[in-house]
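My numbering numbers the first residue of the sequence shown as 33 and each following residue consecutively.
Where is the CB? At the ideal position from N, CA and C, for every residue including glycine.
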Amino acid sequence: AESCTGGYIAHLLTSVAGSSDYYMGSVVSYAYDLKEQLLGVDHEEMAQHGAVSEKVVTQMVKGALANMKTDYAVAVSGIMGPGGGLPDKPVGTVWMAVASKEKVMAKKMHFRFDRKRNIELTATQALLFLRELIVDKT
Numbered sequence: 033a034e035s036c037t038g039g040y041i042a043h044l045l046t047s048v049a050g051s052s053d054y055y056m057g058s059v060v061s062y063a064y065d066l067k068e069q070l071l072g073v074d075h076e077e078m079a080q081h082g083a084v085s086e087k088v089v090t091q092m093v094k095g096a097l098a099n100m101k102t103d104y105a106v107a108v109s110g111i112m113g114p115g116g117g118l119p120d121k122p123v124g125t126v127w128m129a130v131a132s133k134e135k136v137m138a139k140k141m142h143f144r145f146d147r148k149r150n151i152e153l154t155a156t157q158a159l160l161f162l163r164e165l166i167v168d169k170t
């Protein structure tokens, strides 16, 4: 489930020949309403913590895993810039989560580049985080 990367993770995965053997699809939930409707994110949690938070990204990844009926899921939400930053969540702040049926992991990262580079780094780090979950399981 992608927010701030706008489908870039899906792009990276589907750029590989044969990805249809393991890749089911993606939800790009940029708007709050879509996070609620498609992923089951709680409105009150978003109102209280904002979309760029551990609680919201954890709900996003759980919703993606459940709705898509996959073995693994990844979710990202962040502030890519150049605007939109806040004192407690500056531009480049990203929360990401990965999940399997047995485990959910989330982490916060900070990138300090332009919008395009922040998106690229977020997508790459999210896929590395997913790999970490998969490798730890095997």
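For residue i, which residues does DSSP report across the bridge?
| i | result |
| --- | --- |
| residue 141 | 126 |
| residue 132 | 104 |
| residue 38 | Note: residue 38 sits in no beta bridge, so no partner. |
| residue 110 | 126 |
| residue 60 | 34 |
Here's the rule I'm using: 16 or more other beta-carbon atoms within 10 Å means buried, otherwise exposed. How should residue i be labelled?
| i | result |
| --- | --- |
| residue 133 | exposed |
| residue 50 | exposed |
| residue 79 | exposed |
| residue 85 | buried |
| residue 148 | exposed |
How about residue i and residue j: do their beta carbons lie closer than 8 Å?
| i | j | result |
| --- | --- | --- |
| residue 138 | residue 90 | yes |
| residue 87 | residue 76 | no |
| residue 35 | residue 55 | no |
| residue 42 | residue 58 | yes |
| residue 155 | residue 71 | no |
| residue 150 | residue 124 | yes |
Rounding to the nearest angstrom, what Cα-Cα distance links residue i and residue j in this structure?
| i | j | result |
| --- | --- | --- |
| residue 135 | residue 114 | 34 Å |
| residue 142 | residue 65 | 25 Å |
| residue 68 | residue 48 | 31 Å |
The stretch 145 to 165 touching the stretch 95 to 111, judged by at least three CB pairs closer than 8 Å: yes
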